Amino acid sequence: MREIKSVAIIGAGIAGLSCASALQQAGIRVRVFEKSRGVGGRMSTRRGEGWECDHGAQYFTVSDDLFAKTVAHWCSISAATVWNPRLAVLGGERSESRAEKVVRYVGTPRMTSPASAMAQAIAIQTSTTVCEINPQVSGWTLNTVELGWFDETFDCVILAIPQPQVAALIKGKAVSWERKLNEVEMLPCWALMVQVESGARADFDAAFVNQGPLGWLCCNSHKPQRGGQETWLAHATAAWSKAHLELAAEQALEILSAEFESITGLGVRSGRVHRWRYAQSVSALQGRYLLDDERALGACGDWTNGDKVEGAWLSGYHLARALTRT
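Here our numbering is used: position 220 in the sequence shown is 371, and no number is missing along the way.
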């Protein structure tokens, strides 16, 4: 691999930001390109008039010592805290309260907060969609939908985006890990966000649902430091979402709202839906990251390392360490 002095990272989710932070700490110049207006990827919060809702990742857990130190830092700067919901398991043969010895964390005051904290010291170009990467003798050049080709050349490119988007960018590039990439299948998820009628209350803050189109329910307003109208989030199952991927938003809203009301007994006053095309992988790779040393081209994300927020952070971190090893 050529000496790495500059890196372009495509994607400002947790994996991309983790990689960028570790590279910068090693003295490498980093520039992150993100197609959305903000950072965080699926650690995302939708905001409306008088309400907000975490409609992507709902919480995260910690099992790795390295990630534990990062989460402790997030908590110390009030970007995250422990969440202790009244948790239920609904559906199937029985419905019961779920008391687990699992420590769950959420971003505060919203799920985007940890990513926003990480992004403060990183050069990030948002609303910029990289549509082509081109290898040159001196490194890589990037083409974007909004601004065309960048004059700057990078020694290395890291793709911190969902697997199908990685596949599109590396097509025809003869990348060493392309076959391994193709082992991954990502599944969609419909997310329902609703404001409910005042007065009614559910006897749980969050629930795993074991039957029907919904798989997860959560009262976003009961998470720490949330404000606004009482707002609930419901995630459809991967199977239902895949079968109804191209359903019109209005139809998805009607079907999922009715299911939500049936399960919770709460009346929906208003709502909206969001379709995550690439929400989770069928079987995430267990190699932490992908890296072609000869081409100085890598990929990272939750889909390379266990399918969780922790896995995404570790994927980016360890890829950065691989690039800076001597």
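Each residue gets a CB set at the ideal place from its N, CA and C atoms; glycine is no exception.
Bear in mind that the values here come from a model prediction, so they are computed numbers and not experimental data.
Q | Boundaries (first-last residue) of the alpha helix (DSSP H) holding residue 386 | A | No alpha helix (DSSP H) contains residue 386, which is instead part of the beta strand (DSSP E) from 382–387.
Q: Run the CB neighbour count on residue 271, radius 10 Å, all protein chains shown included, and call it buried at 16 or more, exposed below.
A: Taking a 10 Å sphere around the C-beta of residue 271, we find fewer than 16 other C-beta atoms and assign the residue as exposed.
Q: Pair every Cβ in the segment 234–242 with every Cβ in the segment 359–377, then say whether three or more of these pairs are closer than 8 Å.
A: Touching, per the Cβ criterion.
Q | Buried versus exposed call for residue 432 [16 or more other C-beta atoms within 10 Å across all chains shown] | A | Per the 10 Å Cβ criterion, buried.
Q. Among residues of its own chain, excluding the 5 on either side of residue 415, which ones have a beta-carbon nearer than 6 Å to its beta-carbon?
A. If we look at residue 415 and ignore the five residues flanking it on each side, its Cβ neighbours are 353.
Q) Is it buried or exposed for residue 223, if we count other Cβ within 10 angstroms and need 16 for buried? A) It is exposed - the Cβ of residue 223 has fewer than 16 other Cβ atoms within 10 Å.
Q. So, helix, strand or coil for residue 328, using DSSP?
A. Secondary structure at residue 328: coil, using DSSP grouped into helix, strand and coil.
Q: Measure from the alpha carbon of residue 231 to the alpha carbon of each residue in 210, 259, 463, then state which is nearest.
A: The candidate whose alpha carbon is nearest that of residue 231 is 259.
**Q.** Nearest-angstrom Cβ-Cβ length linking residue 194 and residue 262, presumed shorter than 8 Å
**A.** The distance from the Cβ of residue 194 to that of residue 262 is about 5 Å, consistent with a contact at the 8 Å cut-off.
(Q) As an exercise, report each continuous alpha helix (DSSP H) stretch of at least 4 residues that is fully enclosed by the segment 194–246, in chain order. (A) Entirely contained in the segment 194–246, the alpha helix (DSSP H) runs reaching 4 residues are, in chain order, 216–227.
**Q.** Element boundaries [beta strand (DSSP E), containing residue 468]
**A.** Element bounds for residue 468: not the beta strand (DSSP E) but the alpha helix (DSSP H), 460–475.
Q) Helix, strand or coil: which one does DSSP assign to residue 425? A) For residue 425, the secondary structure class from DSSP, reduced to helix, strand or coil, is strand.
Q: Compare the C-alpha of residue 355 against each of 196, 417, 282 and name the closest.
A: The shortest C-alpha separation from residue 355 is found at 417.
(Q) Restricting to runs no shorter than 4 residues, where is the alpha helix (DSSP H) found entirely within the segment 295–367? (A) Uninterrupted alpha helix (DSSP H) stretches at least 4 residues long and entirely within the segment 295–367 occur at 314–321, 329–332, given in chain order.
Q: Output yes or no for whether 9 Å exceeds the beta carbon distance between residue 284 and residue 161.
A: Taking 9 Å as the cut-off, the Cβ atoms of residue 284 and residue 161 count as close.
**Q.** Length of the line joining the Cα atoms of residue 473 and residue 201
**A.** Across the structure, residue 473 and residue 201 are spaced so that their CA atoms are roughly 45 Å apart.
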